[in-house]
Amino acid sequence: MSTDTPAGQARPGGRLLAGLRDGDRRERLLLGLSAPLLALVTALAITSAVMGLTGDNPFRAFEVMADYGSKSDSQVWIINKAIPYYLAAAAVAIGFRMNLFNIGVDGQYRVAAFFAAVVGGALSLPGVVQIPVILLTAMVCGGIWAGIAGYLKASRGVSEVITTIMLNFIGGSLIAYFLQEGRLAERDENIVHTEDIPSSSWFFEFPTSPDPVHGTILIAVAVGIVYWFVLGRTRFGYDLRAVGRSEPAAEASGVSVKRTVVTAMLLSGAVAGLVGMPTLLNESGNYGNDFPEGLGFTGIAIALLGRNHPVGMGFAALLWGFLERTGTQLEFEGYDQEIVGVMQGVIVLSVVVAYELVRRWGIRRQQRKVGEQLAAQSAAGGPNGPKGPHDSAEVSA
0 MSTDTPAGQA RPGGRLLAGL RDGDRRERLL LGLSAPLLAL VTALAITSAV MGLTGDNPFR
60 AFEVMADYGS KSDSQVWIIN KAIPYYLAAA AVAIGFRMNL FNIGVDGQYR VAAFFAAVVG
120 GALSLPGVVQ IPVILLTAMV CGGIWAGIAG YLKASRGVSE VITTIMLNFI GGSLIAYFLQ
180 EGRLAERDEN IVHTEDIPSS SWFFEFPTSP DPVHGTILIA VAVGIVYWFV LGRTRFGYDL
240 RAVGRSEPAA EASGVSVKRT VVTAMLLSGA VAGLVGMPTL LNESGNYGND FPEGLGFTGI
300 AIALLGRNHP VGMGFAALLW GFLERTGTQL EFEGYDQEIV GVMQGVIVLS VVVAYELVRR
360 WGIRRQQRKV GEQLAAQSAA GGPNGPKGPH DSAEVSA
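For the sequence shown, position 92 matches number 91 in numbering that gives the first Met the number 0, and the numbering has no gaps at all.
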């Protein structure tokens, strides 16, 4: 009897496999979303408890935050604030994908922004030429600064955590040395800053009301797309993830672990170099002693909350901007502004715990499913069906 499937009719086995794949995808998606959602719910619960113990009404505080954050000027502020946060998170996430903890993003973007500002202030080229030069300078400086840690990790086995922390300090001292009147800076009242970048070399803005949205948001979008494609759709991304999961296994499969480590740190540093560009090319036009600091450490929290996913980190960056914006309004309503810091800290702690809980639950669920499949297969007599008496006789013979 023919076993061919009629044209246009799917095989039952094919439908079953497709259904299993769809189920696995849905399960992975739910697992991916459950950890950050659990962390946010936990953070809200703990923050509410803290506010309740101090005699404040947490529901009123959340209402104030939601109302103030929904205003048009707040929305523009949140978007502009989220741009450097997202870039910092992307830089951190590149290292996270291969178990590298690049804690030096803060120093990398500051060194990159400083020398990019020096180059931008010294040149008088057309904007279409000078802007790419400034961006390229920032990426090269950030990549070199991170590459030092990558080289020491690959060649000498020095922990990237130690080297990047030390490079943060060295970078800050280097900037402090050059950012002095008579060297690479000039004084403007109480602010010492580099020479101003010509206004023609500033990045464009989107004319929104009441304030414009920084055009550097396009840089963040481009970084997110490249991050998704390179790490998820290329051989390099596969090698990077393979090294992060098991260096011996990656080495055995022909992957150069040392080269991958150095390349990952160079890429992480290059992206870190862009963190200061929204401030430099859309706000200040120079690097001064009031230039933002600490964005790299914020990026670590956002990368954790966003699970190193380009879309997840985008939502996490917007959430961080929302908390900072609305936290200022709480003070006018009689609340302590520090409660926002408590909420952010609890989110980070909750995210770490939630990821581990979800990971363990996923492993147990997978083991249970495999056990059920094996039990069902055993009950059916194995993949080839139960053995008959003739099969038993053949085995005995």
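In this text, a Cβ means the ideal position worked out from N, Cα and C, and glycines have one as well. For clarity, every value in this text was computed on a predicted model and none was experimentally measured.
Around the C-beta of Leu280, 16 or more other C-beta atoms lie within 10 Å, and the residue is accordingly described as buried. Of Glu330, Gln366, Gln365 and Trp360, the smallest CA-CA separation from Tyr67 is found for Glu330.
Distance between Leu37 and Ser283, taken at the CA atoms: about 38 Å.
Ala44 and Thr325 have their alpha carbons spaced roughly 18 Å apart. Note: Ala184 is bridge-paired with Glu180 in the DSSP secondary-structure output.
Two segments are said to touch when three or more pairs of C-beta atoms, one from each, lie closer than 8 Å; by this definition the segment 135 to 149 does not touch the segment 206 to 214.
For Val260, no beta strand (DSSP E) run applies; the uninterrupted alpha helix (DSSP H) run containing it begins and ends at Val256 to Ala271, by DSSP. Spatial neighbours of Gln107 in its own chain (CB-CB distance under 6 Å, excluding positions within 5 residues in sequence) are listed in chain order as Gly141, Trp144, Ala145, Gly268 and Ala271.
Contact between the segment 174 to 183 and the segment 112 to 119 is present: three or more C-beta pairs spanning the two stretches fall below 8 Å. C-alpha of His308 to C-alpha of Ala302: approximately 8 Å in a straight line.
Ranking Glu159, Ala65 and Leu124 by CA distance to the CA of Val104 puts Glu159 first.
Counted as a single uninterrupted DSSP element, the beta strand (DSSP E) harbouring Ile190 occupies residues Ile190 to His192. In terms of CA proximity to Asn167, Arg109 leads the group Leu134, Arg155 and Arg109. Secondary structure at Gly287: strand, using DSSP grouped into helix, strand and coil. The beta carbon of Gly214 sits closer than 6 Å to the beta carbons of Phe202, Phe203 and Glu204 from its chain, once the five residues preceding and following it are set aside; these are given in chain order. Excluding five sequence positions before and after Trp227, the CB atoms of its chain that fall closer than 7 Å to its own CB belong to Pro309, given in chain order. Cβ contact annotation for Lys152 (same chain, cutoff 6 Å, sequence separation greater than five): Glu159 and Val260, in chain order. Listed in chain order, the alpha helix (DSSP H) elements of length 4 or more contained wholly in the segment 274 to 349 are 294 to 304 and 309 to 331. Each of Tyr84, Lys257 and Tyr334 was checked against the Cα of Thr297, and the nearest Cα belongs to Tyr84. In the three-state scheme derived from DSSP, where H, G and I count as helix and E and B as strand, Phe228 is classed as helix. Look at the beta carbons and you see the segment 126 to 137 touching the segment 185 to 204: at least three pairs across the two are nearer than 8 Å.
Going by C-alpha positions, Thr163 is about 30 Å away from Leu356. The residue among Ile77, Val40 and Gly94 with its C-alpha nearest the C-alpha of Phe314 is Ile77. Distance from the CA atom of Pro125 to the CA atom of Ile196, rounded to whole angstroms, is 12 Å. Taking a 10 Å sphere around the C-beta of Glu323, we find 16 or more other C-beta atoms and assign the residue as buried.
Every unbroken stretch of the alpha helix (DSSP H) spanning 4 or more residues and falling wholly within the segment 11 to 99 is given here in chain order: 11 to 52, 57 to 68 and 71 to 95.
DSSP, read as helix, strand or coil, puts Val212 in strand.
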